[in-house]
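Engineer: FYI, the numbering for the sequence shown is 284 to 379, going by the numbering used here.
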Amino acid sequence: MVEDARIVVGSAASRPLIAADAAKSLLGRPFNPETIAEAATLAARIAKPLDNTDFNMTWRKRVTAEFVTYALRELRGDDVRAERESLTRHWGDHAS
284 MVEDARIVVG SAASRPLIAA DAAKSLLGRP FNPETIAEAA TLAARIAKPL
334 DNTDFNMTWR KRVTAEFVTY ALRELRGDDV RAERESLTRH WGDHAS
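#1: Tell me which same chain residues have a C-beta within less than 6 Å of the C-beta of Arg356, skipping the five on either side of it?
#2: Looking only at its chain, what residues have a beta carbon closer than 6 Å to the beta carbon of Ala296, apart from the 5 residues adjacent to it on each side?
#3: From the DSSP output, which residues share a beta bridge with Leu300?
#4: Looking only at its chain, what residues have a beta carbon closer than 7 Å to the beta carbon of Ala348, apart from the 5 residues adjacent to it on each side?
#5: Tell me which same chain residues have a C-beta within less than 6 Å of the C-beta of Ser308, skipping the five on either side of it?
#6: Determine the closest residue to Ile271 out of Leu310, Ile319, Gly311 and Val351, with distance taken between C-alpha atoms.
#7: Can you list, in chain order, the residues of its chain with a C-beta nearer than 7 Å to that of Ala280? Leave out the 5 residues immediately preceding and following it.
In structure tokens:
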């Protein structure tokens with residue numbers, strides 16, 4: 284059961300954003316895939332990517348949920364190295 288949680292989203296706006304609703308959604312619940320997915324979706328809602336890189340803004344907002352998912356899974360103890368490696372190898376596939 285999650286007793287305390289804080290989620291801060293970086294690189295998805297002009298400053299780090301506190302994802303309070305996402306963190307609150309974890310409280311008092313088991314740290315399972317469904318709970319993690321819900322928190323990641325809520326965290327992505329606050330992302331406001333700037334148009335200051337070669338990456339497509341829609342893609343950058345979508346991957347916010349993926350990265351929050353990986354971070355929470357890693358915190359839970361899951362091994363997410365292969366997924367992160369896969370993303371970094373293919374980052375160019377999502378450029379504008």
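Don't be surprised by glycine CBs; every beta carbon is placed ideally from N, CA and C. Computed from a prediction, not measured in an experiment: that's the story for all the values here.
Structural biologist: Considering the structure as presented:
#1: Val363
#2: For Ala296, the CB contacts under 6 Å within the same chain, skipping 5 residues up- and downstream, are Lys331 in chain order.
#3: Val292
#4: Ala323, Thr324, Ala326 and Ala327
#5: Cβ contact annotation for Ser308 (same chain, cutoff 6 Å, sequence separation greater than five): Glu321, Ala322 and Leu325, in chain order.
#6: This structure does not reach residue 271, given that the chain is present from 284 up to 379, and the question cannot be answered.
#7: Only positions 284 to 379 of the chain appear in this structure, which leaves residue 280 out of reach.
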